[in-house]
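**Q**
Protein chains in written order, with this note's numbering: chain S, 4 to 218; chain H, 4 to 218.
1. Please list, in chain order, all residues of the same chain as residue 84 of chain H whose beta carbon is under 8 Å from its beta carbon, the five residues on each side excluded.
2. Within the continuous beta strand (DSSP E) that includes residue 183 of chain S, where are the two ends?
3. Does the beta-carbon distance from residue 126 of chain S to residue 113 of chain S come in below 8 Å?
4. Leaving aside the five residues before and after residue 157 of chain S along the sequence, list all residues of the same chain whose C-beta is less than 6 Å from its C-beta, in chain order.
5. Anyone know if the C-beta pair for residue 110 of chain H and residue 89 of chain H falls short of 8 Å?
6. Under 8 Å between C-beta atoms, does residue 29 of chain H make it to chain S?
7. Are any of the Cβ atoms in chain H nearer than 8 Å to that of residue 104 of chain S?
8. Roughly how many angstroms separate the alpha carbons of residue 145 of chain H and residue 35 of chain H, rounded to a whole number?
9. Alpha carbon to alpha carbon, how far is residue 143 of chain H from residue 133 of chain H?
10. Take every Cβ of the segment 21-30 of chain S, pair it with every Cβ of the segment 194-211 of chain S, and state whether three or more of those distances are shorter than 8 Å.
11. Taking only the alpha-carbon atoms, compute the straight-line gap between residue 32 of chain H and residue 39 of chain H and give it to the nearest angstrom.
12. Any Cβ of chain S within less than 8 Å of the Cβ of residue 51 of chain H?
13. At the level of alpha carbons, what is the spacing between residue 13 of chain H and residue 41 of chain S?
14. Using the C-alpha atoms, what's the distance from residue 82 of chain S back to residue 170 of chain S?
15. Among residues of its own chain, excluding the 5 on either side of residue 58 of chain H, which ones have a beta-carbon nearer than 8 Å to its beta-carbon?
16. Against chain H, which members of the segment 107-133 of chain S pass a CB distance test of less than 8 Å?
17. Using a beta-carbon distance below 8 Å, is residue 11 of chain H in contact with chain S?
18. Taking a contact to mean a Cβ-Cβ separation below 8 Å, would you say residue 195 of chain S touches residue 37 of chain H in this structure?
19. Can you tell me which of the three DSSP states residue 93 of chain S falls into?
20. Write down the C-beta distance between residue 21 of chain S and residue 51 of chain H rounded to the nearest angstrom, noting that I regard them as a contact closer than 8 Å.
21. Check residue 35 of chain S in the structure and name its three-state DSSP category.
22. Ignoring anything shorter than 3 residues, give me the beta strand (DSSP E) runs that lie fully in the segment 71-119 of chain S, in order along the chain.
23. Given that residue 93 of chain H touches chain S, what residues does it touch there, using C-beta distances under 8 Å?
24. Helix, strand or coil for residue 17 of chain H, going by three-state DSSP, please let me know.
25. Is DSSP giving residue 166 of chain H helix, strand or coil here?
26. Where residue 164 of chain H and residue 61 of chain H are concerned, what is the direct C-alpha to C-alpha distance, given to the nearest angstrom?
27. Kindly list, in the order they appear in chain H, the residues whose Cβ is closer than 8 Å to that of residue 22 of chain S.
28. Rounded to the nearest angstrom, what separates residue 56 of chain S and residue 168 of chain H at their Cα positions?
29. Kindly list, in the order they appear in chain H, the residues whose Cβ is closer than 7 Å to that of residue 44 of chain S.
30. Hey, does residue 69 of chain S have any beta-carbon neighbour from chain H nearer than 8 Å?
31. In three-state terms, what does DSSP make of residue 42 of chain H?
32. Taking residue 155 of chain H as part of the beta strand (DSSP E), name the residues at either end of that continuous run.
33. Roughly how many angstroms lie between the CA atoms of residue 74 of chain S and residue 15 of chain S, to the nearest whole one?
34. Output yes or no for whether 8 Å exceeds the beta carbon distance between residue 76 of chain H and residue 63 of chain H.
35. Strictly below 7 Å CB to CB, what residues from chain S border residue 48 of chain H?
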């Protein structure tokens, strides 16, 4: 018999569904919320409700957005001619933090993984191709009356098996359909501050293959 | 500039207020909730709201309760003559899991810690003494017309400096006020499965001091 009353048990169960939150942690978080000020706990409940009710996907890039467009696509200082393709909306944050990229994004919604049943049709690859073609969705054309004029597509899927496969697949599609567009891939190599002695062979191999001429 | 829209930022901030949830984890949880089914996310929001609206404190023992009494105090099979004193409601769960204690609880709401400004008046010590005196709060007397008839108080505060100080303080108060009541303290010693070689000296010292005669 659980010594929790049903509402407490429900809260523990719901918290336990979050990724990386096991049973013990869920209990600890539940007891924190029970002890916390009512306002503080309800602010969290409200924040969850708000994102589920107000946050949708950007009509251009499928990033998270609280209106028809995300903050990046709505920002006129961003260069619409460069598009960085990522797997998930959360991948945009670390890229933005670098301040190296000033274009727009395209969120695929995952990576190709035949084993898990993720095929090209399950990702937003067709939408990327139409963006590049300049035959963007009617809603946008009606609003803007113009295409984005994409000249570079940076493939920033993860440097994993599935991410690499996705990048290769998209690169092939783009080569066939829009040969004038430059397609690039993020460099793979040793992370800054790494120690060669402890580098794994795959990463070190990539670092060799991608070595740059200094003089 | 944050590339989050305000509702997402609010959710990350609120999640980050939970204990043990840092900025990165808060972001990861927020993105999980954004990706999750609307029903699943709202179930969490609703569970939080429900506990804050429905859960109060048991009128007898100050455990969490979804009515006037907690499930333990409301259970007639529990022995009202034995009371186990704990710091927090969350301490009740591991004790219940042992199936060793069949009495009721008393939740102090913390432990004495003059450094943090926690004095005896800040804990529910006076309430414990009145329970033991049998002069329980009028609401209960009116309902039941009887006291609990407490014969044993088990002090189950944590084996920490503050927990020990709290246990000693309560033991003194009880000795002065209800000398006929047996006051016990949970045994301290080596945890089951421990290795003597790695035991810390305080625990080992306690294990010696509390050694039991076998034959």
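Note that the Cβ used here is the ideal one computed from N, Cα and C, for glycine as well.
Everything numeric in this text was worked out from a predicted model, so none of it was measured.
**A** Judging by the given coordinates:
1. Short of 8 Å from the beta carbon of residue 84 of chain H, and not among the five residues preceding or following it, lie these beta carbons of its own chain, in chain order: 106, 151, 152, 153, 154, 155.
2. Here residue 183 of chain S belongs to no beta strand (DSSP E), and DSSP marks it neither H nor E.
3. Annotated as proximal: residue 126 of chain S and residue 113 of chain S, with beta-carbon spacing under 8 Å.
4. For residue 157 of chain S, where only same-chain residues beyond five positions count, the Cβ hits under 6 Å are 87, 187.
5. With a cutoff of 8 Å on beta-carbon distance, residue 110 of chain H and residue 89 of chain H are scored as near each other.
6. Chain S contact via Cβ: absent.
7. Taking 8 Å as the CB threshold, residue 104 of chain S stays off the interface with chain H.
8. Because the pLDDT at residue 145 of chain H is just 43, under 50, the model does not fix this residue reliably, and the point stays unresolved.
9. Residue confidence for residue 143 of chain H is low, a pLDDT of 49 falling below 50, so the modelled location carries little weight; the figure read from the coordinates is stated next. Looking at the two C-alpha atoms, the distance is approximately 12 Å.
10. The segment 21-30 of chain S is not in contact with the segment 194-211 of chain S.
11. Taking the straight line joining both Cα atoms gives about 10 Å.
12. Closer than 8 Å to some Cβ of chain S, the Cβ of residue 51 of chain H qualifies, so yes.
13. Spanning the two alpha carbons is a distance of roughly 17 Å.
14. Cα-Cα distance, rounded: 22 Å.
15. Taken in chain order, the residues that qualify are 67, 68, 69.
16. Under the 8 Å Cβ criterion, the segment 107-133 of chain S contributes no residue.
17. Among the residues facing chain S, residue 11 of chain H is included, as its CB has a counterpart in that chain under 8 Å away.
18. Result no, Cβ atoms of residue 195 of chain S and residue 37 of chain H do not sit closer than 8 Å.
19. Helix, per DSSP.
20. Rounded, the Cβ-Cβ distance is 12 Å, inconsistent with contact.
21. In the three-state reduction of the DSSP assignment, residue 35 of chain S falls in the helix class.
22. Restricted to the segment 71-119 of chain S, the beta strand (DSSP E) segments that are unbroken, complete and at least 3 residues in length are 82-89, 106-110, listed in chain order.
23. Residues of chain S passing the Cβ test: 30, 31, 34.
24. Residue 17 of chain H: helix per DSSP, three-state reduction.
25. Helix, per DSSP.
26. Cα-Cα distance, rounded: 28 Å.
27. Going along chain H in sequence order, the residues near residue 22 of chain S (Cβ under 8 Å) are 31, 32, 35.
28. Residue 56 of chain S and residue 168 of chain H have their alpha carbons spaced roughly 50 Å apart.
29. Correct list: 51, 55.
30. Interface residue, yes.
31. Look at residue 42 of chain H here: in three-state DSSP terms it is helix.
32. In the DSSP assignment, residue 155 of chain H falls within the unbroken beta strand (DSSP E) covering 155-158.
33. If you take the alpha carbons of residue 74 of chain S and residue 15 of chain S, they lie about 35 Å apart.
34. For residue 76 of chain H and residue 63 of chain H, yes; Cβs fall inside 8 Å.
35. Near residue 48 of chain H (Cβ distances below 7 Å), the residues of chain S are 48, 51, 52.
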